[in-house]
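*Asks:* In the numbering used here, the protein residues as written are 158 to 301. Every residue, glycine too, gets a C-beta built ideally from N, C-alpha and C. Being a predicted model, the structure only gives us computed values, none of them experimental. First the structure, then my questions, so here it is.
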């Protein structure tokens, strides 16, 4: 298996509400057969009905809500961008779960959930600089 991710699909309880949330943050999606596709840098973020996604994965649909053991991350170029994004998240119907502050590792970060409870970190981390196109390269931590 090549070391890459091409799509991240979020199972949502209300497709229109989920699409509206991400579009309120400036994302632009395309709906095809009750599925919304967003180009997100070099990968795609997909919104699809939660029950349909579970069945497509050969799983039984489970209850929504609660921490699912995964967090998505969105790095930005300045602390002010972190703050501005959090304002937009709240206006769009998201919930700030961790206020913005310098964390224990030394960079400015925050966390929020979208209307379906998916956790997102938003951070300005100079140790993970962003290229002009928004892509990030994991630094060499000097150990194996």
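For residue 178, name the three-state secondary structure that DSSP assigns.
*Replies:* The residue you call residue 178 lines up with position 21 of the chain shown. Helix at residue 178.
*Asks:* Report the rounded CA-to-CA distance for residue 273 versus residue 170, giving the unit in angstroms.
*Replies:* As a first step, residue 273 is located in the chain shown; it is residue number 116 there, counting from the start. As a first step, residue 170 is located in the chain shown; it is residue number 13 there, counting from the start. If I take the Cα positions, the gap works out to 7 Å.
*Asks:* Could you work out which residue in 268, 262, 195 and 203 is closest to residue 224 when comparing CA atoms only?
*Replies:* One-based indexing of the chain shown puts residue 224 at position 67. The option with the nearest alpha carbon to residue 224 is 268.
*Asks:* May I have the straight-line CA-CA distance separating residue 252 from residue 276, to the nearest angstrom?
*Replies:* Looking up residue 252 in the chain shown gives position 95. Looking up residue 276 in the chain shown gives position 119. If I take the Cα positions, the gap works out to 9 Å.
*Asks:* If I measure Cβ to Cβ from residue 207 and keep anything under 8 Å in the same chain, skipping five residues before and after, which residues do I get?
*Replies:* On the chain shown, residue 207 is found 50 positions in, with the first residue counted as 1. Excluding residues within five positions, the ones whose Cβ falls inside 8 Å are 168, 169, 170, 218, 221 and 273.
*Asks:* Below 6 Å CB to CB, which residues in the same chain sit around residue 265 once its five sequence neighbours on both sides are set aside?
*Replies:* The residue labelled residue 265 in the question sits at position 108 within the chain shown. Once the five neighbours on either side are set aside, the close Cβ partners of residue 265 are 236, 239, 259 and 281.
*Asks:* For residue 248 and residue 176, what's the separation of their Cα atoms in angstroms?
*Replies:* By 1-based counting over the chain shown, the position of residue 248 is 91. By 1-based counting over the chain shown, the position of residue 176 is 19. When rounded, the distance between both Cα atoms is 14 Å.
*Asks:* Note the first and the last residue of the continuous alpha helix (DSSP H) segment covering residue 279.
*Replies:* Taking the first residue of the chain shown as 1, we reach residue 279 at position 122. That residue, residue 279, is in no alpha helix (DSSP H); its beta strand (DSSP E) goes 276-281.
*Asks:* Going by beta carbon distance, what residues of the same chain come within less than 6 Å of residue 295, once the five residues before and after it are set aside?
*Replies:* Mapped onto the chain shown, residue 295 falls at position 138. Here the set comprises nothing.
*Asks:* Let me know the alpha helix (DSSP H) ranges lying completely inside the stretch 158-243, each 4 residues or longer, listed in chain order.
*Replies:* 172-181 and 207-213
*Asks:* Contact defined as beta carbons within less than 8 Å: I believe residue 202 pairs with residue 227. What is the distance between those atoms, to the nearest angstrom?
*Replies:* Within the chain shown, the letter at position 45 stands for residue 202. Within the chain shown, the letter at position 70 stands for residue 227. About 13 Å separates the two Cβ atoms, so there is no contact after all.
*Asks:* Have a look at residue 204 and residue 173 and give me their C-alpha separation to the nearest angstrom.
*Replies:* Locating residue 204 in the chain shown gives position 47, where the first residue counts as 1. Locating residue 173 in the chain shown gives position 16, where the first residue counts as 1. Straight-line Cα distance between these residues: approximately 10 Å.
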